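K.L.:
Protein sequences appear in the order of chains B and U. Using my numbering, you'd call the opening residue of the first sequence number 594 and step up by one each time. Using my numbering, you'd call the opening residue of the second sequence number 594 and step up by one each time. Structure incoming, see below.
2 protein chains.
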Amino acid sequence: MNILFIMYDQLRFDYLSCAGHPHLHTPNFDRVAAMGVRFTNAYVQSPICGGSRMCYYTGRYASSHGAHWNKFPLRVGEHTLGDHLRKIGMSCHLIGKTHMKADAEGMARLGLDPDSVIGVRTSECGFDPWVRDDGLWAQGPDGFYDDKTSPYNEYLKSKGYDGENPWADYANAGIRDGQIASGWMFDNTDLPANIREEDSETPWLTGEAIRFIDQAEGPWCAHLSYIKPHWPYIVPEPYASMYGPEHVAPANRDAGERDDAHPVFDAFMNGPVGRAFSDDEVRAKVIPAYMGLIKQCDDQLGRLLDHLEATGQMQSTMIVLTSDHGDYLGDHWLGEKNLFHEPSVKVPMIVYDPRGHADGTRGTTSEALVESIDIAATFIEAAGGTVPDHIVEGRSLMPWLRGETPDWRDYVISEYDFSAQPPAARFGLAPRDCRLFMVFDGRYKLMHCASDTMRPMLFDLQDDPEEHVDLAKTDTHVDVIARLTGHLHDWGLRMSQRTTISEADIAASRGASLAKGVLPFLKDGTEVEARLTEKYRGPVRQNHLPD
Amino acid sequence: MNILFIMYDQLRFDYLSCAGHPHLHTPNFDRVAAMGVRFTNAYVQSPICGGSRMCYYTGRYASSHGAHWNKFPLRVGEHTLGDHLRKIGMSCHLIGKTHMKADAEGMARLGLDPDSVIGVRTSECGFDPWVRDDGLWAQGPDGFYDDKTSPYNEYLKSKGYDGENPWADYANAGIRDGQIASGWMFDNTDLPANIREEDSETPWLTGEAIRFIDQAEGPWCAHLSYIKPHWPYIVPEPYASMYGPEHVAPANRDAGERDDAHPVFDAFMNGPVGRAFSDDEVRAKVIPAYMGLIKQCDDQLGRLLDHLEATGQMQSTMIVLTSDHGDYLGDHWLGEKNLFHEPSVKVPMIVYDPRGHADGTRGTTSEALVESIDIAATFIEAAGGTVPDHIVEGRSLMPWLRGETPDWRDYVISEYDFSAQPPAARFGLAPRDCRLFMVFDGRYKLMHCASDTMRPMLFDLQDDPEEHVDLAKTDTHVDVIARLTGHLHDWGLRMSQRTTISEADIAASRGASLAKGVLPFLKDGTEVEARLTEKYRGPVRQNHLPD
């Protein structure tokens, strides 16, 4: 069996028809959901591209691997999904985005050649790159955001698109009055992107995936990691015209949220992104483009599924559809992601296992509390391995796919590090204190701040599924806060770094010192079997005592 | 300046005359104490050789580096003291013991040649080995405890001692009735070791240190890491005859400790080591040998100090004297170390800084709560560096040496992992649940268990300095327990793995994305300086819109 691990970037959990979106029809996502299990309570370990992805790719919490945010390098030596899969005979490939930043200093310290096979894997979060493209070829006066070359830009150039950065000038811009109308500007997001549809990012990457599949020899795991529907929000025709303001749901926000708001929430609401998305004119232009980008993703997924079927691979390919985080889109007076409301931290999670043991669950949903780190564990089990639970902190979802009801976690954790963002400066906090933790037990959702100068936030998703009422503003729920904080404290003391020796090896090692002759408890030696002391007995051969 | 970082193995904090021992006269330890500062509240991060040492050598807590116990490999890539010092121009050498086990699997995964310079450092916890000898050449029917060759055994063979393991047959054995009388057996510990004194372990290693110093070019840090007074407890003449039962203090133990004892404490009391050391006949033979081993260490320290003075290096050498943990020696019905009573977890810590800024503190003591991880930080500052506090969790002791009164920690943490030991099996615990934590705030000492099936322990060292009364047996101190547990929870959530990017680099990165052209909040571009959007503007050069 092969594994197709498909990730979209910034795809909300509820912008799929199988998840109930009223206007967006996504028959191909729904097609996979009908073949597999859709997990309706799947949460990412950090609602930010880089941090979230490093969790997916290691199966470990952000606090465990340390790469909490974008461009925080993943330390050399950290075990990746690729390491685990290769060990059990499955290759592991990258097609698209990871947001991985290599630990160049660590690699130099260990003398690792970045161009060697191992060096490339270490730089690419454990993957063998078929194509790496992070899709953010932003370019300011200080240069490009990403210091790599862009395979996508090279592709566009090969197709005749001119200039240094056709990603910006064509794929992510329209035309207004003969001028480049950049998709960076929300006023332009209702324009069609000035690119042939088949050359835009999602079809290009789908083509790369098909090229990969057609030459791959299994068993393989391919991480097909789309750049979209992440901003810039602009899409070519026909998608640009598919949705309009009439398809935009009202923002899920309440005036009361702004009263006595938690300081970090307040800072994000009043930051430039929050202010922009609190403007309904922005939403009316952005959200139709976002929906068009998703519709394009769905069509390209259909192209890929059709290719698998046409080549007879649908019965031998596990498929996962998920995202690295969601998008507020104006809900809660916010844009982007970062905090822990549902549109940000919850993600789509659809898992199709072609094997017979999953026949009983096809087309069902599961409300199990899923963490994104479970995906790595799932793949290791699916590929025939045993999850090394001294390294991988996620849990395999295979029992759910088989229709079992395993003992399961009682809460999910997510983390967010805002140390590199403006609010950090506003609060005068040291970077290490700019960390937020979410604990969600299926009903209550707590946000805890590492800085002891800040209170928590609390929502009751049973009574307030819209998350409008922060129950930590008053003292009505101190018991709930204490209980969820207790979960967090237990989690904080988890065993997470003892990655060089397994639980089984430790258990097996008991008594090994004794067998090796370490005997610091003997009075005369009769306490143990004679064979354990025989090397310490015998006639004296030389006498070196002083006269 | 050079640094001589001297560690003894299993040396109790109170077995020095400067620390008040009534019978053991240690003029050379006292001589360093008179030149420096003696820290009277110094605690190791884990009362076990391997775990403690990995904390000293990384400046990080056991839970941070993951090598909690003996022979748990230190993961490849973990930063060491040597890495930090070399970066600021100081070499870092090993003379003696580390108890380091290399992460062979991790090195192979990264393609690191164990015989390369980097491979050797990675295998030796960051040191360049002058000589590595862990001093435990135990040998049972299954072979040697340590799979390396022993430089010390080779030395003995070169001196004419015969056999495969002269460490066992001569250095650690006496003679009784013409038979080898092994020091492993406590009945033999009152015998003199059958070895010429100058060939025993402590003088041999001191000679190695002098050889190192005489050829070294600075600035250097040398970790002179003695094997003694760690068991086997046997010492050659004249030390074997220096102390007798009349010099053995009564065991600090109380019958009440055995009543309703904490299950882990109970398991260790009733294990073979605890039972042996609860026997006063054992103590009467072992403790005089232990004292003799320390006296020999003191004499060899004098030899080394004299050599530094004779070669004019006393004014250019920082000296630290410490230990990896203590030794119960029958106190609290225990032998060995492992738990958190003072004789186990507190260590001697004497720091001599030859420079003028330390003149005001010479010969003083400090009651500051010191952690063993502070040593790495101290050395980095002493060598002219800035402590990379996103990696090193200890704090430099330099302010104390300069007579300052820095803001300081309110509590110390120690950890103990008993997963590889018999009590783990007795309790049926998973290895990951076999972890104990100590929190000590200068008065109260809490022991917390990772397993939620076990209660804590609590001592009040102000009212009960002998630690006889476990206050957690009743509910009289729930508030104190809650407060100390709160410290532990804060510590559990500390930022410990974000080692690839410094606090300063994060603070400096704020706004970098903006400057690189990442602008996900613009309506029309007028919100920012024109230069930030100039790469996204201009006349359309090609039109790819559909007809």
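Think of the CB as a built atom: it goes at the ideal place given N, C-alpha and C, for glycine as much as any other residue. Note that the structure is predicted; figures quoted are calculated from it, not measured.
Three or more beta-carbon pairs under 8 Å between the segment 782-795 of chain B and the segment 744-764 of chain B, yes or no?
P.N.:
Short answer: they touch.
K.L.:
Going by the beta-carbon positions, is the gap between Asn-621/U and Ile-641/U smaller than 8 Å?
P.N.:
Contact: no.
K.L.:
Using Cβ-Cβ distances below 9 Å, what residues of the segment 735-755 of chain B are close to chain U?
P.N.:
Answer in chain order: Asp-735, Gly-736, Phe-737, Tyr-738, Asp-739, Gly-753, Tyr-754, Asp-755.
K.L.:
Please specify which runs of the alpha helix (DSSP H), each continuous and at least 4 residues long, are wholly inside the segment 725-777 of chain U, giving them in chain order.
P.N.:
As far as the segment 725-777 of chain U is concerned, its whole alpha helix (DSSP H) runs of at least 4 residues are 744-751.
K.L.:
Name, going along the chain, the residues of the segment 1066-1089 of chain B whose beta-carbon falls closer than 9 Å to a beta-carbon of chain U.
P.N.:
Answer set for the segment 1066-1089 of chain B: Thr-1078, Gly-1079, Leu-1081, His-1082, Asp-1083, Trp-1084, Gly-1085, Leu-1086, Arg-1087, Met-1088, Ser-1089.
K.L.:
Alpha carbon to alpha carbon, how far is Tyr-883/U from His-918/U? Give it in angstroms, no decimals.
P.N.:
Approximately 14 Å, taken between the alpha carbons.
K.L.:
Would you say Pro-838/B lies against chain U (beta-carbon separation less than 8 Å)?
P.N.:
Pro-838/B does not count as touching chain U.
K.L.:
Verify the CB distance criterion: does Ala-882/U have a CB-CB separation below 8 Å to chain B?
P.N.:
Chain B, which has no Cβ nearer than 8 Å to the Cβ of Ala-882/U, makes this no.
K.L.:
Taking Lys-1038/U as the query, report the chain B residues whose CB atoms sit under 9 Å from its CB, ordered along the chain.
P.N.:
Here the premise fails: no neighbours, minimum Cβ distance about 18 Å.
K.L.:
Tell me the residue span of the alpha helix (DSSP H) that contains Phe-805/U.
P.N.:
Phe-805/U -> alpha helix (DSSP H) spans 794-808.
K.L.:
Run through DSSP, which three-state label would Asn-781/B get?
P.N.:
In the structure shown, Asn-781/B sits in a helix (DSSP, three-state: H, G or I).
K.L.:
Whole angstroms is fine: what's the gap from Met-548/B's alpha carbon to Phe-1011/B's?
P.N.:
Any answer about residue 548/B is impossible in this case: the structure gives chain B only from 594 up to 1140.
K.L.:
Check the C-beta distance from Gly-956/U over to Arg-1091/B and give it rounded, since I have them as a contact under 8 Å.
P.N.:
Going by Cβ atoms, the distance from Gly-956/U to Arg-1091/B rounds to 42 Å, so no, they are not a contact pair.
K.L.:
At the 8 Å Cβ level, is Ile-681/B part of the contact set with chain U, yes or no?
P.N.:
Cβ-Cβ to chain U under 8 Å: no for Ile-681/B.
K.L.:
Taking Ser-1102/B as the query, report the chain U residues whose CB atoms sit under 7 Å from its CB, ordered along the chain.
P.N.:
Correct list: Ala-1013.
K.L.:
Does any residue of chain U have a CB that is nearer than 8 Å to the CB of Ser-989/B?
P.N.:
Chain U, which has no Cβ nearer than 8 Å to the Cβ of Ser-989/B, makes this no.
K.L.:
Going along the segment 624-648 of chain B in order, which residues come within less than 8 Å of chain C, judged by CB to CB distance?
P.N.:
Judged by its chain identifiers, the structure shown contains no chain C, and its protein chains are B and U.
K.L.:
Is the Cβ-Cβ distance between Ala-686/U and Phe-870/U less than 8 Å?
P.N.:
The sequence as given places His at residue 686/U; Ala does not occur at that position. Cβ atoms of His-686/U and Phe-870/U: not closer than 8 Å.
K.L.:
Whose CA, out of Ala-809/U, Lys-878/U, Ile-820/U, lies closest to the CA of Met-835/U?
P.N.:
Nearest option by C-alpha distance: Lys-878/U.
K.L.:
Is Cys-890/B near the ligand MG, in the sense that its beta carbon is under 7 Å from a heavy atom of that ligand?
P.N.:
Inclusion of the ligand MG in the displayed structure is not the case, the ligand content being empty and no account of it being possible.
K.L.:
Measure the alpha-carbon distance for Leu-705/U versus Ala-1105/U and round it to whole angstroms.
P.N.:
Approximately 35 Å between the Cα atoms of the pair.
K.L.:
Taking the alpha-carbon of Leu-678/B as reference, which of Ser-1007/B, His-983/B, Thr-979/B, Phe-1052/B has the nearest alpha-carbon?
P.N.:
Answer by Cα proximity: Thr-979/B.
K.L.:
State whether the segment 1058-1076 of chain B contacts the segment 1103-1120 of chain B, with contact taken as three or more CB pairs (one from each stretch) at a distance under 8 Å.
P.N.:
Result no; under three Cβ-Cβ pairs closer than 8 Å.
K.L.:
Helix, strand or coil: how does DSSP classify Gly-689/B here?
P.N.:
Three-state DSSP puts Gly-689/B in a strand.
K.L.:
So, at 8 Å on beta carbons, what are the nonlocal neighbours of Thr-1078/B in its own chain, with the 5 sequence-adjacent residues on each side left out?
P.N.:
If we look at Thr-1078/B and ignore the five residues flanking it on each side, its Cβ neighbours are Val-1032, Leu-1039, His-1041, Pro-1049.
K.L.:
Does chain U have any CB closer than 8 Å to the CB of Asn-1136/B?
P.N.:
Interface residue, yes.
K.L.:
Thinking C-alpha only, which one of Val-637/B, Val-669/B, Ser-645/B, Lys-680/B is nearest Ala-976/B?
P.N.:
If we check each option's Cα against that of Ala-976/B, Lys-680/B comes out closest.
K.L.:
Assuming Gly-728/U and Ile-820/U make a contact with CB atoms under 8 Å, what is their CB distance in whole Å?
P.N.:
Indeed they touch by this definition, with Cβ atoms about 3 Å apart.
K.L.:
If you follow the beta strand (DSSP E) that Asn-595/B is in, where does it begin and where does it stop?
P.N.:
Per DSSP, Asn-595/B belongs to the beta strand (DSSP E) from 595-601.
K.L.:
Cβ of Val-1171/B less than 8 Å from any chain U Cβ?
P.N.:
Outside the shown range of chain B, which is 594 to 1140, sits residue 1171/B, and nothing can be said about it.
K.L.:
Checking 8 Å against the spacing of the C-beta atoms, do Ser-909/U and Asn-595/U come in under that value?
P.N.:
For Ser-909/U and Asn-595/U, yes; Cβs fall inside 8 Å.
K.L.:
What would DSSP say about Ala-1023/U, mapped onto helix, strand or coil?
P.N.:
Three-state result, Ala-1023/U: coil.
K.L.:
Is the CB-CB distance between Pro-1132/B and Gln-772/U below 8 Å?
P.N.:
Yes. Within cutoff.
K.L.:
In whole angstroms, what is the alpha-carbon distance linking His-816/U and Met-693/B?
P.N.:
Straight-line Cα distance between these residues: approximately 37 Å.
K.L.:
For Asn-787/U, which residues in chain B fall below 9 Å Cβ to Cβ?
P.N.:
Near Asn-787/U (Cβ distances below 9 Å), the residues of chain B are Val-1133, Gln-1135, Asn-1136, His-1137, Leu-1138.
K.L.:
Out of curiosity, what's the CA-to-CA distance linking Asp-853/B and Lys-1066/B?
P.N.:
Spanning the two alpha carbons is a distance of roughly 7 Å.
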